[in-house]
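*Asks:* Position 158 of the sequence shown, counting from 1, maps to 158 under the UniProt record's numbering, and the rest follow consecutively.
We put the beta carbon where it would ideally sit given N, CA and C, even for glycine.
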Amino acid sequence: MKKASMAAIFITTFFYLCCGCFGYAAFGSLAPGNLLTGFGFYEPYWLIDFANACIILHLVGAYQIYSQPVFAFGERWFTKKFPTSRFVNNFYTFKNIPLLPPLKINLLRVCFRTAYVASTTAVAIIFPYFNDVLGVLGALNFWPLAIYFPVEMYMVQNKIENWTRKWIVLRIFSLFCFLVTIISLVASIEGLISAKSSS
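(1) Are there three or more Cβ pairs, one per stretch, closer than 8 Å when the region 179–190 is compared with the region 130–148?
(2) When you compare the CB positions of Pro102 and Phe94, do they come within less than 8 Å of one another, or not?
(3) Compare the C-alpha of Phe176 against each of Val151, Ile56, Phe130 and name the closest.
(4) So Met155 packs on Trp163, CB below 8 Å; how close in whole Å?
(5) Check whether the region 43–58 touches the region 112–125, taking contact to mean three or more Cβ pairs, one atom from each stretch, closer than 8 Å.
(6) From Leu185 to Phe73, what distance separates their C-alpha atoms?
(7) Within 10 angstroms of the Cβ of Ala51, are there 16 or more other Cβ atoms? Answer buried if so, exposed if not.
(8) Take Phe130 and list the residues in its own chain whose beta-carbon comes closer than 7 Å to its own, dropping the five residues that flank it on each side.
(9) Compute the Euclidean distance between the alpha carbons of Ala195 and Phe91, then round it to the nearest angstrom.
(10) Buried or exposed: which applies to Asp132, given that a residue is buried once 16 or more other Cβ atoms fall within 10 Å of its Cβ?
(11) Could you tell me which residues DSSP pairs with Lys104 in its beta bridges?
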């Protein structure tokens with residue numbers, strides 16, 4: 001699983017960097033948020049539709065992966081807050097579904113995850129500057145979730161002592177990524193302000 005996760009993250013990062021760097025190299029700050037239709041290019045229709053279907057498929061999987069920490073935090077909080085609630089703690093098994101193994105369902109998980117997905121989807125639809133907001137949210141989430149916590153967990157699991165060479169390298173790496181995150185956050189906020197003032 002670790003190899004598969006690393007390969008998936010590497011491939012995704014490579015393609016996102018290619019889209020971002022080539023888009024910026026070709027169009028500068030006028031690069032559209034949607035590379036598929038941002039140029040007024042809509043033909044051939046089947047190709048645009050296929051590309052959008054691939055994007056949806058990618059985002060459905062990515063959404064599930066990147067939402068797991070939020071789901072775990074919410075479910076843990078409800079479990080601590082309501083330790084005797086059957087709604088929160090009981091699992092119900094459905095065995096009579098043809099061609100499927102028995103299915104264990106927790107009502108809190110179904111309701112909480114559905115409400116979370118519905119609310120984030122509603123915000124994405126309602127909010128007018130979606131790409132700019134995604135930039136701000138991505139900048140806010142990148143360092144803590146992708147760098148700081150994994151580095152801290154690695155150091156605790158491997159019992160890396162303070163001021164050793166490995167500790168210093170990991171701290172410098174974390175600091176560098178933090179600075180990149182701050183710069184991208186400032187740029188994203190500037191993009192959001194520019195989009196709001198130009199409309």
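*Replies:* Quick answer:
(1) Verdict: yes, contact present.
(2) One-based indexing of the sequence shown puts residue 102 at position 102. One-based indexing of the sequence shown puts residue 94 at position 94. It is a contact, given that the beta carbons lie within the stated cut-off.
(3) Indexing the sequence shown from 1 puts residue 176 at position 176. Per the Cα distances, Val151.
(4) Within the sequence shown, the letter at position 155 stands for residue 155. Within the sequence shown, the letter at position 163 stands for residue 163. With 8 Å as the limit, Met155 and Trp163 do not qualify as a contact, their Cβ atoms being about 12 Å apart.
(5) Touching, no.
(6) As a working note, residue 185 is residue 185 in the sequence shown. As a working note, residue 73 is residue 73 in the sequence shown. Straight across, the Cα-Cα distance linking Leu185 with Phe73 is about 24 Å.
(7) Within the sequence shown, residue 51 is the residue found at index 51, counting from 1. Under this definition Ala51 is an exposed residue.
(8) For the purposes of this step, residue 130 is identified with residue 130 of the sequence shown, where counting begins at 1. If we look at Phe130 and ignore the five residues flanking it on each side, its Cβ neighbours are Ala124.
(9) Within the sequence shown, residue 195 is the residue found at index 195, counting from 1. Within the sequence shown, residue 91 is the residue found at index 91, counting from 1. Between the alpha carbons of Ala195 and Phe91 lies a gap of roughly 47 Å.
(10) Counting from one through the sequence shown, the residue named residue 132 turns up at place 132. Burial call: buried.
(11) Working through the sequence shown from its first residue, we reach residue 104 at position 104. According to DSSP, Lys104 bridges with Thr93.
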